[in-house]
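Asker:
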Amino acid sequence: MRDRIVGIICILTSLFLLFSLREKAFEAKAFPTALLVIFIILSIMLVIDKKKEKHEFHNLKSVLLNCLLFFAYIFMMPHIGFIISTTCFISLFIIISKYSMKKTTVIIMSLLVSMIIWFIFSYLFGISLPEILF
629 MRDRIVGIIC ILTSLFLLFS LREKAFEAKA FPTALLVIFI ILSIMLVIDK KKEKHEFHNL
689 KSVLLNCLLF FAYIFMMPHI GFIISTTCFI SLFIIISKYS MKKTTVIIMS LLVSMIIWFI
749 FSYLFGISLP EILF
């Protein structure tokens with residue numbers, strides 16, 4: 629029952645956001661519209677899901693730490709730049725989630741992902757991301 633309520637709330641929120649995008653230029657609303665349509669489809673799947681499985685949740689501490697990490701990431705990005713903050717965020721997220729990887733692999737992978745995302749946004753989309761202030 630909770631899944632259906634959450635699904636309906638997500639559908640209504642997505643429809644409201646789609647409605648708010650109607651007067652924007654096509655270029656400005658194309659990506660958000662695509663994401664919202666995908667979100668609506670996933671929400672519909674959540675509402676009509678027939679499974680009656682009980683989902684047990686055992687790792688509340690990890691979820692709370694990751695939420696705290698996410699808010700710290702958002703707060704720190706303007707101050708220390710995109711690449712450094714994203715590398716730290718991804719690395720700490722993997723460590724908190726207890727994936728079995730060597731720390732050097734985690735750091736290298738996080739740095740590469742951060743640099744690839746930065747390259748895509750900066751050069752392909754022409755969107756500047758926060759840089760180091762000093």
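Residue numbers (the numbering used here): 629 to 762.
Positions of the beta carbon are idealized from the N, C-alpha and C atoms, including for glycine.
Name the two residues that bound the continuous alpha helix (DSSP H) containing tyrosine 751.
Answerer: Taken as a continuous stretch (DSSP letters only), tyrosine 751 belongs to no alpha helix (DSSP H), as it is neither H nor E.
Asker: Please specify which runs of the alpha helix (DSSP H), each continuous and at least 4 residues long, are wholly inside the stretch 681-731, giving them in chain order.
Answerer: Counting only runs of 4 or more, we get 688-708 and 710-724.
Asker: What is the C-beta distance between isoleucine 718 and serine 750, in whole angstroms, given that I count them as a contact (C-beta under 8 Å)?
Answerer: Going by Cβ atoms, the distance from isoleucine 718 to serine 750 rounds to 18 Å, so no, they are not a contact pair.
Asker: Going by the beta-carbon positions, is the gap between isoleucine 668 and serine 648 smaller than 8 Å?
Answerer: Result no, Cβ atoms of isoleucine 668 and serine 648 do not sit closer than 8 Å.
Asker: Got a sec? Which residues, its chain only, sit under 7 Å from cysteine 638 by beta carbon, not counting five neighbours each side?
Answerer: Counting only Cβ-Cβ distances below 7 Å, and skipping sequence neighbours, we find Phe667 and Ser671.
Asker: May I ask which residues mark the beginning and end of the alpha helix (DSSP H) holding arginine 780?
Answerer: The structure shown does not extend to residue 780, since the chain is modelled only from 629 through 762, so no value can be given for it.
Asker: So, using beta-carbon positions, are glycine 635 and valine 675 closer together than 8 Å?
Answerer: Against a cut-off of 8 Å, the Cβ pair of valine 675 and glycine 635 comes out as a contact.
Asker: Hey, out of Phe753, Lys730 and Ile760, whose CA is closest to glutamate 655's CA?
Answerer: Ranking Phe753, Lys730 and Ile760 by Cα distance to glutamate 655 puts Phe753 first.
Asker: In angstroms, rounded to a whole number, what distance separates the CA positions of lysine 652 and proline 758?
Answerer: Looking at the two C-alpha atoms, the distance is approximately 25 Å.
Asker: Determine the contact status of isoleucine 723 and valine 734, defining contact as a CB-CB distance below 8 Å.
Answerer: Against a cut-off of 8 Å, the Cβ pair of valine 734 and isoleucine 723 comes out as a contact.
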